[in-house]
Amino acid sequence: SAVISQKPSRDICQRGTSLTIQCQVDSQVTMMFWYRQQPGQSLTLIATANQGSEATYESGFVIDKFPISRPNLTFSTLTVSNMSPEDSSIYLCSVEQGADTEAFFGQGTRLTVV
Amino acid sequence: TQLLEQSPQFLSIQEGENLTVYCNSSSVFSSLQWYRQEPGEGPVLLVTVVTGGEVKKLKRLTFQFGDARKDSSLHITAAQPGDTGLYLCAGVAGTYKYIFGTGTRLKVLA
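Rendered as structure tokens:
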């Protein structure tokens with residue numbers, strides 16, 4: 093199994109500012125994933141981050157708005173740039189491991205933009 | 340676009356009652372997973388079903404994968420307050436490719 097530490101766990105930010113979310117895994121992983129989740133809703137994949145290469149973004153998400161870093165096999169960051177209230181959400185990082193290709197998640201970052 | 344629709348969206352029941360949550364798609368998946376998420380936490384895997392028609396039991400939870408591998412169900416027997424949470428199905432469409440369902444929020448009242 094993988095243990096994922098994500099921080100901050102929550103933040104309240106002013107519109108127009110940026111927030112960087114950190115994700116640390118206790119083992120080396122090839123791919124790390126970033127999801128957005130509206131409270132009580134399902135997960136939407138933002139992007140997939142592979143160490144040493146540019147992240148791959150899903151439809152509707154762009155690098156200028158959600159730049160991602162992946163400096164090594166255990167760490168990644170997601171930045172939410174030029175925030176607006178519509179960016180208020182829970183952001184989760186995830187990795188995949190195990191024979192069942194189980195997805196492990198951090199506890200999430202609850203972002204509120206005011 | 341691959342979509343996984345879950346029903347019901349919300350469910351509030353009394354302790355001891357039974358319930359079934361459905362996860363439906365028009366797409367075929369290589370496997371399907373069920374996760375439970377509690378407030379302030381990330382989703383946690385409950386089970387993976389791989390073979391069409393497969394049934395897996397986890398204590399009071401019974402999971403079934405449809406014969407055509409397009410749908411799944413989760414049945415909870417004698418629900419308890421500890422079962423409260425957001426239940427998510429996830430279709431595995433390939434390596435590193437998860438499609439998460441729309442979610443079912445369950446509340447079990449004592």
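Residue numbers (our numbering), protein chains in the order written: chain A, 93 to 206; chain B, 340 to 449. C-beta atoms are modelled at their ideal positions from N, C-alpha and C, and glycine is treated no differently.
Residue i and residue j closer than 7 Å at C-beta
| i | j | result |
| --- | --- | --- |
| F167/A | L184/A | no |
| V383/B | K395/B | no |
| S110/A | T171/A | yes |
| S180/A | T169/A | no |
| T140/A | T148/A | yes |
| G424/B | L343/B | no |
Per-residue DSSP class, three states only, for residue i
| i | result |
| --- | --- |
| G440/B | coil |
| D43/A | No answer is possible for residue 43/A: it lies beyond the span of chain A, which begins at 93 and ends at 206. |
| P100/A | coil |
| P177/A | helix |
| L135/A | strand |
| R107/A | coil |
| S145/A | coil |
| T204/A | strand |
| G198/A | coil |
| Q116/A | strand |
| N357/B | coil |
| Y183/A | strand |
| S168/A | strand |
Within chain A, partners of residue i - CB distance below 7 Å
| i | result |
| --- | --- |
| V431/B | T193 |
| L400/B | Chain A residues near L400/B: none, gap ~16 Å exceeds 7 Å. |
| L425/B | G132 |
| F439/B | S134 and L135 |
Beta-carbon neighbours of residue i, restricted to chain B and to distances below 7 Å
| i | result |
| --- | --- |
| F197/A | G381 and P382 |
| L184/A | G381 |
Chain-ordered chain A contacts of residue i [CB-CB under 8 Å]
| i | result |
| --- | --- |
| R444/B | G132 |
Listed in chain order, which residues of the segment 344-370 of chain B have Cβ atoms closer than 7 Å to some Cβ of chain A?
So the list is empty, because no residue satisfies the distance condition.
Mind pulling the beta strand (DSSP E) runs of 3 or more residues that sit fully within the segment 369-428 of chain B?
Complete beta strand (DSSP E) runs here, min 3: 370-376, 383-388, 394-397, 400-404 and 410-415.
Chain B contacts made by the segment 134-153 of chain A, where a contact means CB separation under 7 Å:
For the segment 134-153 of chain A, which is checked against every Cβ of chain B, the residues closer than 7 Å are S134, L135 and T140.
Proximal residues, the segment 386-400 of chain B versus chain E, C-beta separation under 7 Å:
Looking for chain E here will not work: the only protein chains present are A and B.
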